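Here the sequence shown is numbered in the numbering used here, starting from 6 and rising by one per residue. The structure under discussion appears below in the form of structure tokens.
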Amino acid sequence: MRALRLHTGQVVPLDRSNVDTDQIIPKQFLKRIERTGYGDVLFYDWRFRSDGTPVPEFILNSPKYRDGTILLTRRNFGCGSSREHAAWALLDYGFRVVIAPSFADIFFSNAGKNGLLAITLSEEVVSGLFRRAEASESYSLSIDVENLKIRDDNGWTTSFEMDSFRQRCFLEGLDDISLTLQSEPEISKYEVSRQAPWLRGFPPLL
């Protein structure tokens, strides 16, 4: 996954609670075997009418938020089924960060494993960010993963929490495969030790 140390981007305020994964990426679009191509159908049932035309009132269809990369939303984001496609769709659309008062546990885990930073802030702080974003033509935040700080261009700042292992994964761009490959010498040594005597001397099938 792509490393994330410092990200500055426009905030997209999605003022909804309990956004479930079937709304993030509806089930009819889960047939692809790649992790790409889901951005076009992110929030499909909210973005488009039954005839495929855009819903003008939905926030992602507003030209004002076309370049947004930080999604601001309400509590319990990512609830519902455990589909990893929800994180893929948000990333493929262009989001790198989601800020909310709380997340569904499985979505939170899936997001982190794919390089989508889910940040939990208090209800009060999130409400303040909504007010700033909705009052501005283009409200941006800078997310500093190394120092666990968030700031805007007007001097506002706050901190956020992240366990050290998850922080390291974002800073170094480590997903589960990358973490496993860091132990490749030990894995190869173990596989050689398990080989039948007549196979020793051949490279392990890794």
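Glycine included, every Cβ here is placed at the ideal spot set by N, Cα and C. These figures come from a predicted structure and were not determined experimentally.
Local Cβ density within 10 Å of residue i, reported as buried at 16 or more and exposed below that
i: N115; result: buried
i: T26; result: buried
i: W93; result: buried
i: S107; result: buried
i: F82; result: buried
i: F170; result: exposed
Rounded straight-line distance, which links the Cα of residue j to that of residue i
i: N66; j: N23; result: 21 Å
i: A140; j: G133; result: 11 Å
i: R101; j: F175; result: 11 Å
i: N152; j: D56; result: 47 Å
Contacting residues, own chain, Cβ-Cβ under 8 Å from residue i (five flanking each side not counted)
i: V60; result: W51, R52, F53, R54, N66
Residue i - DSSP class collapsed to helix/strand/coil
i: G14; result: strand
i: R156; result: strand
i: S114; result: helix
i: S127; result: coil
i: L9; result: coil
i: P190; result: helix
Span of the alpha helix (DSSP H), counted from its first residue to its last, around residue i
i: V103; result: Here V103 belongs to no alpha helix (DSSP H); instead the beta strand (DSSP E) covers 102–105.
i: I29; result: 26–29
i: R37; result: That residue, R37, is in no alpha helix (DSSP H); it is neither H nor E in DSSP.
Residue range of the beta strand (DSSP E) that includes residue i
i: S145; result: 145–149
i: L77; result: 75–77
i: T162; result: 162–164
Close Cβ partners of residue i (< 7 Å) along its chain, the five nearest in sequence each way excluded
i: Q28; result: F48, D50, W51
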